[in-house]
Amino acid sequence: MRSNRAITRAGVSLAATLPLLAGALALGIPAAHAADSPGRDTLAGTRPAWATAKADKGATSDSSKVSARVYLAGRDATGLAAYAKAVSDPTSAVYGKYLTAAQVQQRFGATPAQVAAVKAWLTSAGLKVTGVTAHYVTVTGDVAAAEKAFGTQLHNYAKGRKTYRAPAKTASAPESLNGAVLTVTGLDNAPHTATHDDTLPAPETVFRNAGPFSSYYGSNTATTLPTAYGKQIPYAVEGYTGKQLRAAYGAGSWTGKKVRVAITDAYASPYIAGDAATYAAKHGDAAYRSGQLKQVLPTDYRYTEECSAAGWYGEETLDVEAVHAVAPAADITYVGSASCTDDDLLDSLGTIVDKHLADIVSNSWGDIEANQTPDLAAAYDQVFKLGAVEGIGFYFSSGDNGDEVANTGTKQVDTPANSAWVTAVGGTSLAVGKGDAYQWETGWGTEKATLSADGKSWTDFPGAFTSGAGGGTSATVAEPFYQKGIVPNSLAKANSEKGNRVVPDISAIADPNTGFKVGQTQTLPEGGVAYSEYRIGGTSLAAPVIAAVQALAQEARGGAPIGFANPAIYARYTSRAGLYHDVTDNPTGYGLAVARLDFTNGYDATDGILTSVRSLGKDSSLKAVRGYDDVTGVGTPAKGYVESYRR
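Residue numbering for the sequence shown follows this note's numbering, starting at 105 and increasing by one per position.
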C-alpha cells in the first residue's frame, strides 16, 4: 500500500496513511537469481520480512483465494537499465536520444512468446489468467494453485494485532521461462483493505488560516508578541503566489509553453476545473486555455474509506495550482489512481509511460523506506527506467517528517523518493521580500513553542520538532553514478562502506509557515460547499514547484525533453557556479522564527485562537549546510538555472 504525502496545513497532516508491507528496498531486477530449488529462479523480495518463524501460525487453507500480479521482466532487462542510464547522462554519446513508447515496447517489452509462456505456466498450475497488460499478468485462484505455481507454501503470520497470509519462503518461477518474470505481488495479503464503499466522499471541512499575516516575508512584525532569538519576529506569510515563486526561482519570461506535465495522485477532486480557474483569476495567473488541464481517471474507485479519499482532493488541487502558477503555459494532465494502493498507483504511472502523456511527472506521495518491499521496488523501478528511455522524468516529494525518528523511531528515508531512477525533491523555508526579491532560504524544519498564559513569553522555547523535509541515506539502495564524488562520504557511506543513495537531489519551498496559497472547494461547517483559500506546505508543494521549473527549462531547451534529470542536475552543480541557491540553516547569522495564529477548530475563532512561534531551519537530525546536504540536495534553482538549458 501507499499513502499520499502529508500535506501540511498549519501543522495538520492530511496524510491518508495505510499500513504498508514491511521489508527492505532493493534496486534492480530481482529475476533469474540463484534458485532455491532445482529448475527454479527465485523472485527476490517476495517473502516479506514480517513472515518470521516466530510469527508463523500455520499453513493457509488450500481453498483460500489468491489474487496476484506477475510482473514481466521484458526481453532485455539489463539493456533497459543500461540505456536508461546512457540516455540520461550528459556525457554519453546517446544522451537525449529517446525512444518512442512503441519503440520502447518493441525493444524492451515482453515478447508475445514470453507472455504466452508465462500464461501457460500459470494456467498449468491451476490459476486463472484474468488480465494481461504491457507490464504484468493478473491471476486468481486458490492457495494450492498459487503454491504450485510459485514453489512456496503460503502460511498465516501474526503482524501486529492481525494475521495475514505470506509465502513461507521466497517465491520462484520455472527456470525454463528464462527470466521472463520480474516479480510477483499479492501472495501476501497484508494489509486487508476490502471495502464496500466505491463512491467518492464529499470534500473535507473547510480549513482557514488565522491572521495577522505578512504579505511578503517580514512585512508585518509581531510587535505585541515576545521576541525570539533576541529579536522581534514577523508574522507568517499569508501564502506566496505564483508571481513570488517565479521570481524566487528565476523563471524570467519562460512559461512552459508546449511542455506537458503530468500529476499523479489517488482519486480526483470533482471541483478541480472550477477551483483552478478561480484561483488563477484571483492571483493573476494566466487563464487556462481550452484543453490545457486534462484528467485521465479510472472507471471506478476502490478503498475510499481506507485511503481517506477526500484528503487527496487537496493534494490534487495543490499540485495543479502550483504547477500552473509557476509554469502558466504548460499543459497539465492529472492522472488519478483508483486508490492509494501500490497496484493502482503503479497503473497510473504505467499509463503515463505507455501513452507518453507527459515529459515531466510530479508525484506528491510516498511512505517510509521500511514499508517498501523489493518486489514492489522492482516494479516501480521498471516503470521509471522505461520512462527514462522515453525522455520522461519523475519527481517525488522527499517526505514531511525529517529523518523519520519522531514519526517511526527509526532514522530512514522515504520511498519512492529513494529510487535511484527518480528526482527526490526536498524542502525549504523561503523568504521572498518586498518587490518579489529573493532574500534567503533555510532547510525546512520546524520547532514549535506556544504563547504563555500571561502572553509575556514562549513556553519551552524553541519547542518540539513538528515537521521538516525528508532526507538522509537509504539503507538499501546503492549509491547511483550521478552522486558519486559529489555527495559527501559522511552521508553516502553512513549505512554501508560501499555507499548508498542519499535523498534529496534538489529542493524548493515546502515550509507551511512560508507556504503557498491554495484555493479549493470544501465543506462548510454549517453545511454546503464553497471555494476557500488557505496557506499550505510540505514537500507536496516542493515537488510540483520543481516540476514546473523543469517545464520552464524544457521550454528554454527548445522543447526537447530533459528526461530523467538527475545526471543533468548534478552535472550543472559541479560545472557551473551560481545555478543553485546554496541553502543553509543559518543564512542570516541569527536564529529565524515566525509568529503564527491558528484557529483552534481550524476555520473560525469560535473556539479560540492558538498563538505560537515557529523556529525555522530545525530539521530533526538533518542539517542544511554549505554544499550538498540531505535536507536540500544541491539546493534550489537560482536565476540562470532555467537559462542553462537553453540551446
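Every residue gets a Cβ at the ideal spot worked out from N, C-alpha and C, and that includes glycine.
Around the beta carbon of T403, fewer than 16 other beta carbons sit within 10 angstroms, so the residue counts as exposed. Here the region 350 to 361 does not lie against the region 330 to 337, with fewer than 3 beta-carbon pairs under 8 Å apart.
Using a C-beta cut-off of 8 Å, the region 212 to 227 makes no contact with the region 444 to 454, since fewer than three inter-stretch Cβ pairs fall below that distance. In the three-state reduction of the DSSP assignment, T692 falls in the coil class. Contact annotation, V607 with D471: C-beta distance approximately 13 Å; criterion of less than 8 Å not satisfied. Beta-bridge partners of G549 (DSSP): G572.
Comparing alpha carbon positions, the residue from G744, A177, A579, K201 closest to Q209 is A177. Here A429 carries a helix assignment [DSSP, helix/strand/coil].
Non-local beta-carbon contacts of R364 in its own chain, meaning distances under 6 Å to residues more than five positions away in sequence, involve D435, A462, D463 in chain order.
Take the alpha-carbon of F565 and the one of K552: they are about 8 Å apart.
Non-local C-beta neighbours of T421 in its own chain, meaning closer than 7 Å and more than five positions away in sequence, comprise S373, I376, D379, V622, Q624, ordered along the chain. Counted as a single uninterrupted DSSP element, the alpha helix (DSSP H) harbouring R676 occupies residues 670 to 679. If you draw a 10 Å sphere on the C-beta of V198, you find fewer than 16 other C-beta atoms in it, and that means exposed. Just so you know, the alpha carbons of E630 and T710 end up roughly 13 Å apart.
For A483, the three-state secondary structure derived from DSSP is helix.
Annotated as proximal: S502 and A573, with beta-carbon spacing under 7 Å. The way I'd put it, the region 451 to 459 does touch the region 485 to 494; three or more beta-carbon pairs between them come closer than 8 Å. Under the DSSP assignment, Y187 falls in the alpha helix (DSSP H) whose first and last residues are 181 to 192. By the Cβ rule, the region 739 to 749 counts as touching the region 676 to 689, because three or more pairs are nearer than 8 Å. With a 10 Å radius around the Cβ and a threshold of 16 neighbouring Cβ atoms, L231 comes out buried. Nearest to L726 by C-alpha distance, out of R151, S571, K201, is S571. Classified as buried, E508 has 16 or more neighbouring CB atoms from the shown chains inside 10 Å of its CB. In chain order, T146, T150, R151 place their CB closer than 6 Å to the CB of T274, counting only its own chain and leaving out the 5 sequence neighbours on each side. Of the residues A206, G513, G531, the one whose Cα lies closest to the Cα of A728 is G531. Of the candidates D423, R700, L281, Y187, the residue whose Cα lies closest to the Cα of T325 is R700. In this structure, V400 places its C-beta atom within 7 Å of the C-beta atom of V439. In the DSSP assignment, I640 falls within the beta strand (DSSP E) that extends over 633 to 640. DSSP, reduced to helix, strand and coil, places T195 outside both helices and strands of the structure shown, so it counts as coil.
For V174, the enclosing beta strand (DSSP E) has its first and last residue at 169 to 176.
In the assembly as shown, D180 is an exposed residue. Its beta-carbon has fewer than 16 other beta-carbons within 10 Å. Remark: C-beta atoms of Q348 and D615 do not approach each other more closely than 7 Å. Secondary structure note for F585: it is in no alpha helix (DSSP H), with a DSSP letter that is neither H nor E. Taking the CA atoms as reference points, E342 sits about 46 Å from E601. Note on the region 468 to 525: whole beta strand (DSSP E) runs with a minimum of 3 residues are 497 to 501, in chain order.
The alpha carbon of G245 has as its nearest neighbour, out of S167, V174, V219, the alpha carbon of S167.
Put simply, the backbone Cα of D292 is about 34 Å away from that of T437.
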